[in-house]
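Have a look at the structure below, then the notes.
Numbering (my numbering), first residue to last: 53 to 482.
And the structure:
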């Protein structure tokens, strides 16, 4: 898992960053890559790397008090550990005192499951709750912390292409928080000669030198209809061209991660709206479309409509099979007229369906359509890897290429017999 070399550049010592995690689940995998990246970035990070049962947890709680930033890596087995939960309670106390900033990381976990104690995360907590039923006050504090911490905006593994990209995002987010903490400390110390202010300008310069996030393309589609074929080929082709792609996985349907998906749309430069016959039977697709249209109107997103086995007018006028599915969805959500109205408005919007898009009908096959989509996305992303390869030739290169072409002409083409053509007459006739 490669870490950008920019992290190896020297930066000033930082406030301590405490990492709270379930050791048995993450220590030999994700955590190792994260620690390496943070230490390469010269971030002062602390983690209990050698967790010994029976050790006085007060040592760890003291470490939290010494820290200004904490990373809570919430995973499925997190709630198996009373240590993790005790640390989380301490972190909540420090947050309430405005002495700590916590960044939650939802590692292969639905954020809603944390707040509602659902799925394996909730099952593990209930098992632990039974083991500690003689300590109701402690259990109460665990629940309060589990409800409070996930409310904060965090990072998710589902919102990234792979773990390497998630690690990069965490390091970058920690640096941003450290900048903000340093700024507050400096402002608080301006009127006091006894408090040593900490400069954050070098860190700001370091953050500016970090590579910017690659252009992201969000794919909006009906998973039940296209997820196992066309979309797989499309995503592969886009990623093969060096473009970061986020697609709403079927695993997220009904799992309460609407806000997470919306954040991914906001972080994207381009959105592909893949309209198919069954698209309008998915309220998830329609909600995403509304969000995409809002951002497009604000000039923050470019939406490319793609019509897969459905015509433009069928989408805009809600006709044919597309229209039938939409009317069925409309009936299902009859109790939410405002939401249904927003769906209709987005489907008829000139910002989305009114834009000249791409269609399967206009291409020979799916392969050709995928190629056309990749070409259009690359054209609209000026900083995409493929576009970056197209650089302007220098004068020397132009001269060398012209000389090469002249030599080829002189050696191979000029000696060839030419047909007897009266060039003068052709010129006069023109």
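Even glycine gets a Cβ: it sits at the ideal position worked out from N, Cα and C.
Minimum C-alpha distance to residue i - residue among the options
i, options, result
"residue 41", "326, 321, 69, 163", "Nothing in the structure corresponds to residue 41, since the chain is present only between 53 and 482."
"residue 352", "379, 160, 371, 318", "318"
"residue 316", "269, 326, 360", "269"
"residue 432", "221, 327, 323, 396", "323"
"residue 141", "157, 128, 124", "124"
"residue 150", "371, 414, 99, 120", "120"
"residue 285", "390, 422, 79", "422"
"residue 168", "182, 293, 194, 70", "194"
"residue 158", "192, 294, 208, 299", "208"
"residue 210", "96, 386, 411, 312", "312"
"residue 314", "329, 298, 328, 130", "298"
"residue 172", "354, 378, 223, 132", "132"
"residue 114", "213, 99, 74", "99"
"residue 229", "154, 413, 214", "154"
"residue 427", "382, 337, 290, 377", "290"
"residue 398", "389, 385, 343, 420", "343"
"residue 215", "391, 78, 192, 236", "78"
"residue 227", "387, 424, 94, 391", "94"
"residue 340", "391, 413, 126, 402", "391"
"residue 372", "419, 420, 329, 212", "329"
"residue 206", "271, 162, 239, 381", "162"
"residue 381", "425, 144, 338", "338"
"residue 76", "127, 237, 118", "127"
"residue 354", "389, 429, 396, 414", "429"
"residue 368", "396, 389, 376, 143", "396"
"residue 152", "118, 370, 180", "118"
"residue 281", "116, 377, 212, 418", "418"
Residue i classed as buried or exposed, judged by whether at least 16 other C-beta atoms fall within 10 angstroms
i, result
"residue 357", "buried"
"residue 186", "exposed"
"residue 160", "exposed"
"residue 288", "exposed"
"residue 296", "buried"
"residue 406", "exposed"
"residue 71", "buried"
"residue 165", "buried"
"residue 383", "exposed"
"residue 483", "Coverage of the chain is limited to positions 53 through 482, which leaves residue 483 absent and any answer about it impossible."
"residue 192", "exposed"
"residue 188", "exposed"
"residue 84", "exposed"
"residue 379", "exposed"
"residue 235", "exposed"
"residue 146", "buried"
"residue 105", "At residue 105, the pLDDT of 46 sits below 50, so the modelled position is not reliable; the number obtained from the coordinates is stated separately. Residue 105 is exposed by the Cβ-count criterion."
"residue 385", "exposed"
"residue 387", "exposed"
"residue 420", "exposed"
"residue 348", "buried"
Nearest-angstrom beta carbon gap, residue j and residue i [assumed within contact, 8 Å]
i, j, result
"residue 178", "residue 184", "With a Cβ gap of about 11 Å, residue 178 and residue 184 do not count as contacting."
"residue 219", "residue 89", "5 Å"
"residue 68", "residue 96", "5 Å"
"residue 394", "residue 359", "The Cβ separation is near 21 Å, so there is no contact."
"residue 326", "residue 273", "4 Å"
"residue 129", "residue 74", "5 Å"
"residue 204", "residue 156", "6 Å"
"residue 345", "residue 401", "5 Å"
"residue 283", "residue 86", "30 Å between Cβ atoms; not a contact."
Whole runs of the alpha helix (DSSP H) within the stretch 355-430, excluding any shorter than 4 residues | 364-368, 372-384, 389-399
With contact counted as at least three CB pairs below 8 Å, one residue from each stretch, are the stretch 321-335 and the stretch 276-287 in contact?
-> yes
Return the chain-ordered ranges of every beta strand (DSSP E) run that is complete within the stretch 67-103 and spans a minimum of 3 residues.
-> 69-72
Hey, is the stretch 192-206 in contact with the stretch 137-145, meaning 3+ C-beta pairs nearer than 8 Å?
-> yes
Enumerate, from N- to C-terminal direction, the unbroken alpha helix (DSSP H) stretches of 4 or more residues contained entirely within the stretch 275-299.
-> 275-278, 282-292
Given 8 Å, three or more beta-carbon pairs between the stretch 393-412 and the stretch 354-374 = yes
Runs of alpha helix (DSSP H) wholly within the stretch 149-218 (minimum 4 residues, chain order) = 163-168, 171-183, 188-200
Return the chain-ordered ranges of every beta strand (DSSP E) run that is complete within the stretch 104-147 and spans a minimum of 3 residues.
-> 121-126
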